[in-house]
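Per the UniProt record's numbering, the sequence shown starts with residue 1, numbered consecutively.
Built from N, CA and C at the ideal position, the CB exists for glycine as well.
Bear in mind the structure is a predicted one, so any value in this text is a computation, not a measurement.
As structure tokens, the structure follows; a few thoughts come after it.
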Amino acid sequence: MKLFPYGHATHPQWRMAAGLVLAQLRAHMALPAYASAPTLGLLYITDHYAGQAQEILDFLGGELPEIVDWAGTVGIGIASNNVEYFDEPALAVMLCGLPSDQYRVFSGISPLPPANATHFKAHTALVHADAGTPDVAELIAEMAQRTGSGYVFGGLASTRSEAVQFALSGNGNVKGHGAAGGVFSGGLSGVAFAQGAALMSRVTQGCQPISGEHEITACDGNVVTKLDGQSALDVMLADLGVTLEKPRDALEKVRTTLVGLRSAEAGLQDGRIQRSGQFGADVVVRHIIGLDPARSGIAIADLPAVGTKLAFCERNAEAARADLVRVCAEIREELEPEELTLEVASSLSGVQADAAPHPARRIAGAIYVSCSGRGGPHFGAPSAELQIVRRALGDVPLVGFFAGGEIARHHLYGYTGVLTVFTAAS
């Protein structure tokens, strides 16, 4: 599989940005290492362009008639290789060179077929969703059940205006959409991939536990009342080292504290606190939204069940940086051959060559969806998060966006990054 052409640009006028992106795409398609006849386009725009979403899609489709399928969404920020555009007008495009029978664009009007379908069997799916959709977490879990792997990835659109999604296929629109132009609001949309479209995905956490795990032994709706059989409020105050006798100090500490939840059904190896005090991939982070002194309870932004494991945590840039490097290293180690010839080893050594898109990397392209709360200054400097990915993963084609919630497995995460790569044959 050849590298996927990609391009990104910022400009107050969307036509200028789109023109710059088209120039990059065409330049890549003219190079022998890149796919010359891709068919699937992934399009991400910042919310500055949300009002022109249909015009942008129509323009790109007209300029790239060979791209018959499009998917994407909007974010407060978008990402590409080595750069992020946060709170500025920008767009990013990646053209995927995949066989047309290995993917299918879907939306709420033209849904993904069930896992036992005969005409197309989805193995995994890139999912874009509107946070305002009722029961969106349950819809994501149901979407995962429609795939053979039970694994989906993506994120919720983040925007200060319209939460638009792109879903365009084949003859100009997805079957069932009638005369729709490929821009939608609400629900879920995306691209499902068959097993032949090899992908690898990892979740990187952005929070660090500051307590051990407790078991929820009593709860009422979203209020946790008992942890390990004791008052949940008392357990939290003890873990945080604060007291209600000094309410101002206590509230200040609670405001910066979140909870990491792991379901009772999650496997220990996947979900436990591990890797020197970092969360595993089966832990989802949620906000503490209030205290209930009358019931000695803690109100959280979730509906946990008795038996769920809970740990108090906080955002931590150093832990987020280390975990991001870890997932990139895991992907590289799994994809690079165990034994290298002297020539290949030499070409992969050194700062400059190490970042080059070498065949031994076996990565055709990547999608990175990160929490909007991780972008920008959280990693210390503009584009720092994407620069970490580039240094660790290499100079591979990449697009993505900063989401209002990240999707991986069948979970809806917060404060995480989800990195997915398209892998080429060894």
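N-terminal and C-terminal residue of the beta strand (DSSP E) that residue i is part of
i	result
residue 262	258-262
residue 153	151-156
residue 315	309-315
residue 165	164-168
residue 183	183-185
residue 127	124-129
residue 140	Unbroken run through residue 140 is the alpha helix (DSSP H), 136-145; no beta strand (DSSP E).
residue 250	Here residue 250 belongs to no beta strand (DSSP E); instead the alpha helix (DSSP H) covers 247-255.
residue 200	199-205
residue 191	188-193
residue 428	Since the first and last residues shown for the chain are 1 and 426, residue 428 lies out of range.
residue 418	416-423
residue 287	284-292
residue 74	69-75
residue 86	83-86
residue 120	Run containing residue 120: none; DSSP gives neither H nor E here.
residue 364	363-371
residue 7	6-10
With 16 other Cβ atoms within 10 Å as the buried cut-off, status of residue i
i	result
residue 167	buried
residue 204	buried
residue 176	Residue confidence for residue 176 is low, a pLDDT of 45 falling below 50, so the modelled location carries little weight and cannot support an answer.
residue 52	buried
residue 428	Residue numbering for the chain in the displayed model covers 1 to 426; residue 428 lies beyond these limits and cannot be assessed.
residue 16	exposed
residue 119	exposed
residue 227	buried
residue 44	buried
Pairwise C-alpha distance: residue j and residue i
i	j	result
residue 116	residue 286	34 Å
residue 241	residue 232	14 Å
residue 137	residue 324	24 Å
residue 105	residue 40	9 Å
residue 302	residue 27	47 Å
residue 142	residue 129	13 Å
residue 186	residue 122	22 Å
residue 427	residue 378	Examination of residue 427 is not possible in this model, given that the chain is present from 1 through 426 alone.
residue 289	residue 64	47 Å
residue 251	residue 309	23 Å
residue 37	residue 29	8 Å
residue 100	residue 413	31 Å
residue 151	residue 193	11 Å
residue 164	residue 229	45 Å
residue 214	residue 8	45 Å
Integer Cβ distance of residue i from residue j, believed to fall under 8 Å
i	j	result
residue 321	residue 388	6 Å
residue 296	residue 225	6 Å
residue 304	residue 261	6 Å
residue 259	residue 312	6 Å
residue 5	residue 35	6 Å
residue 199	residue 147	No, residue 199 and residue 147 are not in contact; Cβ-Cβ is about 11 Å, not under 8 Å.
N- and C-terminal bounds of the alpha helix (DSSP H) containing residue i
i	result
residue 385	384-393
residue 234	232-240
- In chain order, each beta strand (DSSP E) run of at least 3 residues that lies wholly inside the stretch 27-56: 40-46
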